[in-house]
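Down below is the structure, laid out as structure tokens.
Numbering (my numbering), first residue to last: 4 to 88.
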């Protein structure tokens with residue numbers, strides 16, 4: 004079983020950056036989903052105030068799943084000051 008990390012920790016701050024093609028693939032799918040979500044908001048915009056349902060909730064769900072994937076397939080998250088690898 005391949006245990007290679009898809010995401011490595013950022014050198015400064017908190018978070019991850021893609022480390023393998025699988026990590027980059029996840030990021031591309033995330034961006035494409037956000038673009039599709041934005042297109043959907045533009046096309047389905049009827050002015051009745053459904054922004055929360057049509058954009059905010061799906062955006063939050065997509066971001067939540069991205070973070071879960073980063074936690075499962077990445078280095079342990081912690082604040083970094085750039086001194087360690």
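Yeah, the Cβ is synthetic: ideal placement off N, Cα and C, and Gly gets one too.
Test item: CB-CB of residue i and residue j under 8 Å
i: residue 16; j: residue 83; result: yes
i: residue 25; j: residue 9; result: yes
i: residue 11; j: residue 77; result: yes
i: residue 37; j: residue 75; result: no
i: residue 57; j: residue 44; result: yes
Closest Cα partner of residue i within the set the options
i: residue 20; options: 73, 86, 85 and 68; result: 73
i: residue 68; options: 6, 29 and 18; result: 29
i: residue 81; options: 35, 55 and 18; result: 18
Reduced DSSP secondary structure (H/G/I, E/B, other) of residue i
i: residue 80; result: coil
i: residue 20; result: strand
i: residue 4; result: Bear in mind that a pLDDT of 44 at residue 4, under 50, signals an unreliable position, so the model cannot answer this.
Buried/exposed call for residue i, threshold 16 Cβ in 10 Å
i: residue 4; result: Caution is warranted here: a pLDDT of 44 is assigned to residue 4, below 50, making its placement in the model unreliable, and the coordinate value is therefore given only provisionally. Exposed.
i: residue 32; result: exposed
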